[in-house]
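Okay, structure first, notes after.
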Amino acid sequence: MAFRRTSLTTRATVATAALGLALTSQGTALASVNPYTPTSVCGSGYRVIDSSPLQPTRVGVSTTGGQLYLLYNASNGYNCVVTIKSVAVGTPTQTTADLQIFEGNRVAEAYRDRKNYKYYAGPVKARAAGRCVAAYGDTDAGNNTFTNNIPKGHCG
């Protein structure tokens, strides 16, 4: 009977190791997919009002690096900007989310979140009811930077 228990223990250990390997392999594959959405980052009450794909700065690169989002919360008059990565996901790289608020043609307020992030930069939030806003985002991946902006607009 002692031999049989050892055999069962050995089988359980092998099965557990195989399961762990399968989960690790699956976890690695899933790490390349960004699990975050703009509304999950900005929070409840925000809805996407504009977005722009992050374009490569190097010629000949056909992939986008993520998406820049501008959201608005009608209940409190706040805008939110978030840059969500689609390259180097899970790896800390410099990633930026900027929000600019205008008074006429002048930038009256500017807010920035720029650090090495694994998944996204932001949320950058500010009250901008009745004023125009603009947004900027970028992320680095290897020897390329992906960037784009949402020009001044969404006034009101």
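In this note's numbering, the protein residues as written are 4 to 159.
Here a beta-carbon is modelled for each residue, glycine too, at the ideal position from N, C-alpha and C.
These figures come from a predicted structure and were not determined experimentally.
V44 lies in the alpha helix (DSSP H); which residues open and close that run? Counted from its first residue, the sequence shown places residue 44 at position 41. First-last of the alpha helix (DSSP H) with V44: 41-45.
For Y123, which residues does DSSP report across the bridge? For the purposes of this step, residue 123 is identified with residue 120 of the sequence shown, where counting begins at 1. Its beta-bridge partners are I87.
Compute the Euclidean distance between the alpha carbons of A77 and C45, then round it to the nearest angstrom. As a first step, residue 77 must be located in the sequence shown, where it is residue number 74. As a first step, residue 45 must be located in the sequence shown, where it is residue number 42. Near 13 Å, if we compare the C-alpha coordinates of C45 and A77.
Give the secondary structure of V62 by DSSP, where H, G and I count as helix, E and B as strand, and everything else as coil. Position 59 of the sequence shown, counted from the first residue, corresponds to residue 62. Three-state result, V62: coil.
For G69, which residues does DSSP report across the bridge? As a working mapping, residue 69 is identified with position 66 in the sequence shown. Paired residue(s): K88.
Using DSSP's beta-bridge definition, name the partner residues of L102. In the sequence shown, the residue the question calls residue 102 occupies position 99. Paired residues: Y114, A138.
Considering only DSSP beta bridges, list what M152 is partnered with. Position 149 of the sequence shown holds residue 152. Note that residue 152 corresponds to Asn in the displayed sequence, not to Met. Per DSSP, Y139.
Alpha-carbon spacing of T66 relative to T142, whole angstroms: As a working mapping, residue 66 is identified with position 63 in the sequence shown. As a working mapping, residue 142 is identified with position 139 in the sequence shown. Rounded to whole angstroms, T66 to T142 spans 13 Å at the Cα level.
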